[in-house]
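In this note's numbering, the protein residues as written are 1398 to 1798. Using N, Cα and C, we set each Cβ at its ideal position, and we do this for glycine too. These figures come from a predicted structure and were not determined experimentally.
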């Protein structure tokens, strides 16, 4: 039994090695295959439309197809190599191959660049879909790298899989995520030209209704971010009613109001070093903020005459002149609890410092600040404001967390 398990492991390792190093592969059943897409043309689309978004900011050398995904050339770890197809955000890239006729398809592999310091990440997932007609597809497998995106080692990562069955298919679709930058140099699809009659038949996936774009959040649709908190030039962080007015009202040249502008506002910390030297958002090369920094930010948010208090006053004035009933929605920021080597501060009031290291400790800090912020809002009795919720300053959550 031990010998059989060991033999299976060795065979699996051999298969992975062969798939990752050439244009042919020998599978566990002894069948020799070839790379069915070597030299084939293909179609590349983005996971989401980019015409009005990332497509306007994409570097000139990105999303350029020269046939490099099927030319048999790999690029090692040279990010300047023309062998890389480069993608920028837009959720994913979808590469579709037409094999020309039905083939027996068994597996795939793809090469990606991973240089974390440059935000070039090996994809978290690679999906493979097969189809008989190029319209109806079945997802056959999901493959992932054998390391986390947080890994700092620069490498060319080979991601591949052997399918659970041998499938009869003409069209192959490979989709890989593009969270920031994704570089792919080669895609291989392994199988044989010959069909033996026992291949699995494609069962198309059921249609999925896409959720679409966010159109409204708690009754609001136009949120303006206003920075406050701590700044070397403190006047930048102390937003007065006069400074907030143009974001609340459509102000005419004569000073009159003809309409409203934004229907909600989020107070967000200035992206600066706080007195401890730390920051309220995770920043490479910077320490995290401590309790006194968090409290300083909170105090600035609710200081009389500026920020929340000023917003309440200007909304009251504008809404009264325009004859608008109701309240203006305001959101507040949750700083990011970056791990600290030393103590964070005494959030429980028991005379003992809490730390910001474990997940439990960091969640406790977030709960403490959430409760404190809501209490301060309620105690302010802002007649013209509605508490909308919290803005996550980090804007994302690491998949490793």
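- At the C-beta level, residue 1540 and residue 1557 come within 8 Å of one another.
- In this structure, 1779 is the residue among 1768, 1771, 1751 and 1779 with its C-alpha nearest to the C-alpha of residue 1709.
- Taking all protein chains in view, the Cβ of residue 1610 is surrounded by fewer than 16 other Cβ atoms within 10 Å, so the residue is classified as exposed.
- For residue 1465, the secondary structure class from DSSP, reduced to helix, strand or coil, is coil.
- A contact between stretches requires three or more CB pairs, one per stretch, nearer than 8 Å, and the stretch 1574-1591 meets this requirement with the stretch 1512-1524.
- Beta-carbon to beta-carbon, residue 1650 and residue 1711 are separated by about 19 Å, too far to satisfy the 8 Å threshold.
- Note: residue 1624 is bridge-paired with 1665 in the DSSP secondary-structure output.
- The beta carbon of residue 1430 sits closer than 7 Å to those of 1421, 1422, 1424, 1503, 1587, 1588 and 1589, all from its chain and outside the five residues before and after it, given in chain order.
- Around the beta carbon of residue 1789, fewer than 16 other beta carbons sit within 10 angstroms, so the residue counts as exposed.
- As computed with DSSP, residue 1691 is found in no beta bridge at all.
- Residue pairing by DSSP puts residue 1727 in a beta bridge opposite 1662 and 1784.
- Put simply, the backbone Cα of residue 1439 is about 10 Å away from that of residue 1569.
- For residue 1547 and residue 1738, the gap between their C-alpha atoms comes out near 19 Å.
- CA-CA distance, residue 1479 to residue 1432, rounds to 22 Å.
- Non-local beta-carbon contacts of residue 1693 in its own chain, meaning distances under 8 Å to residues more than five positions away in sequence, involve 1626, 1627, 1671 and 1672 in chain order.
- Going by DSSP, residue 1527 is part of no alpha helix (DSSP H) but of the beta strand (DSSP E) stretching over 1523-1528.
- Here the alpha carbons of residue 1783 and residue 1775 stand approximately 10 Å from one another.
- Residue 1635: not part of any alpha helix (DSSP H); DSSP gives it neither H nor E.
- Checking the DSSP bridge columns, you'll see residue 1427 has no partner listed.
- Looking at the DSSP output, residue 1778 sits in no beta bridge, so it has no partner there.
- A distance below 8 Å separates the beta carbons of residue 1474 and residue 1510.
- Assignment of residue 1541 by DSSP, reduced to helix, strand and coil, places it in the coil class.
- Here residue 1531 is near residue 1495, since their CB atoms are less than 8 Å apart.
- When secondary structure is reduced to three states using DSSP, residue 1504 falls in the strand class.
- A straight-line Cα-Cα distance of about 21 Å links residue 1631 and residue 1770.
- In the DSSP assignment, residue 1489 forms a beta bridge with 1574.
- DSSP places residue 1648 outside any alpha helix (DSSP H); the residue lies instead in the beta strand (DSSP E), whose first and last residues are 1646-1648.
- The C-alpha of residue 1795 is placed about 16 Å away from the C-alpha of residue 1486.
- Around the CB of residue 1565, 16 or more other CB atoms lie within 10 Å, so the residue is classed as buried.
- Here DSSP, grouped into helix, strand and coil, assigns residue 1762 to helix.
- Looking from the CA of residue 1437, the closest CA among 1544, 1552, 1753 and 1567 belongs to 1567.
- In the DSSP assignment, the residues bridged to residue 1581 are 1482 and 1509.
- By the 16-neighbour rule on beta-carbons within 10 angstroms, residue 1593 is exposed.
- According to DSSP, residue pairing for residue 1432 in a beta bridge involves 1587.
- If you draw a straight line from the Cα of residue 1717 to the Cα of residue 1707, it is about 16 Å long.
- In this model, residue 1542 and residue 1661 are separated by some 41 Å (Cα to Cα).
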